[in-house]
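Below is one structure, written out as structure tokens, with a few remarks after it.
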Amino acid sequence: MNRSTGFALTATFLWAATVGAVPVSSDQLKSMLEARSAKVNASKIEAEAAAEREGFFARSFMPSIEAQVAQENFKKGRGENKTQPAYGIEARLNLFNGGRDRLRGEIRQLRAREKTFGSQRTLAEELEKTRPVYWNLLFLRDKIELLKETLQVNKSSLNSALRRIKNGVATDSDRFEFEMRAVDVERELAQAEVQFKSETRLLALLLGLPLETKFELGETWSHDHDLTALLKHDHADHEFLIKESELQAEQMRLSAKEAGRVWWPKLDAFAAYNQFTERVEEFPDAEDRKESVLGLRLSMHLPEGLESSRESAALAREAEAQRLRASFQRQEIDNHLNTEMDELKVLHDQVHASEDNVERAERYNRLTQSEYMRGVKNSPDVLGASEKLYGMKFKRLEILRDFQVAKSHLLSKMGK
């Protein structure tokens with residue numbers, strides 16, 4: 002998503018948050034996170050920062066230039082006070098640094114790639130957290146409606162019981178059954194409404210919106226029928242989950258090589274031109290205090306050799322340890338994906354089974370209500386049929402939510 006699109010989305014969300022409910026759907030969550038999530042945008046900035054450090058090897062051959070100018074007032078021994086200018090310029094050029102600069106350049110390139118994959122992983126992780134919250138919000142929305150519907154059905158049954166009591170074909174015990182049921186449903190409804198508010202605030206937090214934001218939830222429940230197309234993927238789709246560890250191992254390996262190059266000499270070319278004062282060069286004529294130099298400098302940092310050798314060995318072992326972790330992580334992710342695919346297939350079958358059960362419960366409830374009106378059934382039968390219908394509808398909602406949550410985990414790991 003480019004910056005102009007991100008700005009437009011941010012402006013839209015902020016405007017909607019101030020004037021009314023923010024429209025949101027499962028398809029919009031990714032773009033909303035890219036536009037507003039602090040974690041997602043922080044990871045993007047880190048990737049951009051790492052990219053700024055690339056090109057180190059080429060820059061290492063650029064000359065280093067130092068210029069200085071001074072005006073000195075000094076006195077030497079019994080001489081008089083003198084004020085004289087001093088200036089100079091020196092240039093140094095890196096010709097050879099034992100291959101360390103090339104290795105540092107490669108490490109920075111790997112670091113930039115690692116951060117890019119890290120940015121993808123962060124987005125996937127935030128999606129994996131946000132999507133289940135969204136689907137749970139839809140679940141609570143429909144649970145609240147289902148409980149309100151159940152209250153209405155219970156109220157209708159209570160009215161029927163009151164008519165039967167009035168007509169002398171039932172006793173007060175029928176009324177108590179439905180009144181107690183109403184208390185239970187109202188308590189469950191109040192709890193669901195509190196949970197709905199809590200999940201709404203959590204979704205706003207994850208999307209980078211004010212906590213008081215209200216959402217317009219227009220999406221209805223559905224499930225994918227073509228699981229083969231949904232689950233189709235290859236290793237490239239979830240490579241970002243493993244690449245960070247692999248790139249970290251490679252950086253450690255190159256750092257070990259760099260530390261081992263401390264025994265290699267450094268070769269620099271240098272040139273300088275300086276005008277000294279008499280405080281430095283005791284010549285009265287300013288021309289005699291001018292100096293120019295051109296040369297090559299070969300240097301080695303011998304005292305660092307032993308410690309750097311040990312550091313090189315340690316980094317090499319750490320690189321191998323990280324490589325082993327990355328290898329295990331690859332197998333672990335493959336195992337997680339296969340497990341989640343199996344769970345999704347089971348939930349897919351359960352969705353259809355739950356829909357059939359809802360139809361059975363509706364028919365059973367209608368028959369029980371009819372038989373109750375004819376005096377064949379009693380209030381516990383009506384209450385049981387009503388609870389069974391509510392239970393089947395609620396179970397269907399749970400399975401639909403679980404299907405979408407499992408699908409969300411899977412898609413996030415695939416980078417979708």
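Numbering (the working numbering), first residue to last: 2 to 417. Beta carbons: idealized from backbone N, C-alpha and C, even for Gly.
Sequence-distant residues of its chain with Cβ nearer than 7 Å to Pro133 (five each side left out)
Within the same chain, and ignoring the five residues on either side of Pro133 in sequence, the residues whose Cβ sits closer than 7 Å to its Cβ are Val406 and Ser409.
Is the stretch 287 to 302 close to the stretch 310 to 328, with three or more CB pairs under 8 Å?
No: the two stretches stay apart, fewer than three of their Cβ pairs being nearer than 8 Å.
Where does Arg4 fall in DSSP's three states?
Any answer about Arg4 is weak, because its pLDDT of 49 lies below 50 and its placement is not dependable; what the coordinates show is given next. Here DSSP, grouped into helix, strand and coil, assigns Arg4 to helix.
Whose C-beta lies closer than 6 Å to the C-beta of Thr131 among residues of the same chain, with five residues either side of it excluded?
Here the set comprises Leu30 and Leu207.
Pick out whichever of Asn74, Gly78, Glu107 and Glu67 has its Cα sitting closest to the Cα of Gly89.
The shortest C-alpha separation from Gly89 is found at Glu67.
Short Cβ contact (7 Å threshold) for Lys389 with Val359
No, Cβ-Cβ distance for Lys389 and Val359 is not below 7 Å.
Which of helix, strand or coil DSSP assigns to Phe284
Correct three-state label for Phe284: coil.
Limits of the unbroken beta strand (DSSP E) element including Ser26
Careful: Ser26 lies outside any beta strand (DSSP E) and carries neither H nor E.
Which runs of the alpha helix (DSSP H), 4 residues or longer, sit entirely within the stretch 204 to 291?
Counting only runs of 4 or more residues that sit fully inside the stretch 204 to 291, the alpha helix (DSSP H) segments are 228 to 232 and 241 to 261, in chain order.
If you check the beta carbons only, do Leu412 and Glu341 fall under 7 Å apart?
Contact: no.
Using only alpha-carbon positions, find the residue among Ala354, Ser387 and Glu356 that is nearest to Ser370.
Per the sequence shown, residue 370 should be read as Gln rather than Ser. When each option's Cα is compared against that of Gln370, the closest is Ser387.
Using the Cβ count rule (16 or more neighbours within 10 Å means buried), how would you classify Asp102?
Per the 10 Å Cβ criterion, buried.
Answer yes if the stretch 316 to 330 comes into contact with the stretch 242 to 254, meaning at least three C-beta pairs across the two stretches below 8 Å, and no otherwise.
Cβ pair count under 8 Å is three or more, so yes.
Could you tell me whether the stretch 48 to 59 touches the stretch 108 to 124, using the rule of 3 or more Cβ pairs below 8 Å?
The stretch 48 to 59 makes contact with the stretch 108 to 124; the number of CB pairs closer than 8 Å reaches 3 or more.
Asn160 (DSSP reduced to helix, strand or coil):
In the three-state DSSP reduction, Asn160 falls in the helix class (H, G or I).
On the CB-based measure, 16 or more other CB atoms within 10 Å of its CB, does Ser5 come out buried or exposed?
With a pLDDT of 48 at Ser5, under the threshold of 50, the predicted position of this residue should be treated as unreliable, though the coordinate-derived value follows. The residue in question, Ser5, is exposed, as its Cβ has fewer than 16 Cβ neighbours within 10 Å.
According to DSSP, what are the bridge partners of Ile90?
According to DSSP, which records beta bridges pairwise, Ile90 is partnered with Ala68 and Tyr274.
Identity of the residue in Asp350, Lys156, Arg364 and Asn366 nearest Ile400 by Cα
Answer by Cα proximity: Asp350.
Grouping DSSP H, G and I as helix and E and B as strand, with all else coil, what is Gly416?
Gly416: coil per DSSP, three-state reduction.
Are the CB atoms of Ser246 and Gln330 within a distance shorter than 7 Å?
In this structure, Gln330 sits near Ser246, with a CB-CB distance shorter than 7 Å.
Beta-carbon gap between Arg105 and Phe57 smaller than 7 Å
Yes, the Cβ-Cβ distance between Arg105 and Phe57 is below 7 Å.
Integer-rounded CB distance, given that Val347 should sit under 8 Å from Leu210
In fact, because the Cβ distance is near 35 Å, the residues do not count as touching under 8 Å.
Looking at the secondary structure, which residues open and close the alpha helix (DSSP H) in which Lys42 lies?
Just to set this straight, residue 42 is Asn in the shown sequence, not Lys. First-last of the alpha helix (DSSP H) with Asn42: Ala39 to Glu53.
Alpha carbon to alpha carbon, what distance is there between Gly99 and Ala257?
When only Cα atoms are considered, Ala257 and Gly99 end up about 14 Å apart.
In this structure, how does DSSP classify Val150 when only helix, strand and coil are distinguished?
According to the sequence displayed, residue 150 carries Glu and not Val. Three-state result, Glu150: helix.
I need the straight-line Cα distance from Phe177 to Ala171, nearest angstrom please.
Cα-Cα distance, rounded: 12 Å.
Buried or exposed: where does Trp136 fall if 16 or more other Cβ atoms within 10 Å of its Cβ makes it buried?
With 16 or more Cβ atoms within 10 Å of its Cβ, Trp136 is classed as buried.
Taking 8 Å as the threshold, find out whether the stretch 66 to 84 comes into contact with the stretch 30 to 41 through three or more Cβ pairs.
Note that the stretch 66 to 84 does not touch the stretch 30 to 41; fewer than 3 beta-carbon pairs, one per stretch, sit closer than 8 Å.
Name the two residues that bound the continuous alpha helix (DSSP H) containing Ala59.
Phe57 to Arg60 is the extent of the alpha helix (DSSP H) around Ala59.
CA-CA distance, Glu213 and Thr201?
Cα to Cα, Glu213 sits roughly 8 Å from Thr201.
How is Arg298 classed by DSSP in three states: helix, strand or coil?
The answer is strand: DSSP assigns Arg298 an E or B state.
Our contact map puts Ala48 next to Gly119 with C-beta atoms below 8 Å; I'd like the distance itself, whole angstroms only.
Going by Cβ atoms, the distance from Ala48 to Gly119 rounds to 7 Å, so yes, they are a contact pair.
Gly1, buried or exposed, once every other Cβ within 10 Å from all chains shown has been counted against 16
The displayed coordinates of the chain run from 2 to 417. Any statement about residue 1 would go beyond what the structure contains.
Of the residues Ala287, Asn168, Arg188 and Leu139, which one's Cα is nearest the Cα of Lys149?
Ranking the options by Cα distance to Lys149, first place goes to Arg188.
As a quick exercise: from Asp269, His302 and His337, pick the residue whose alpha carbon is nearest that of Glu91.
It is Asp269.
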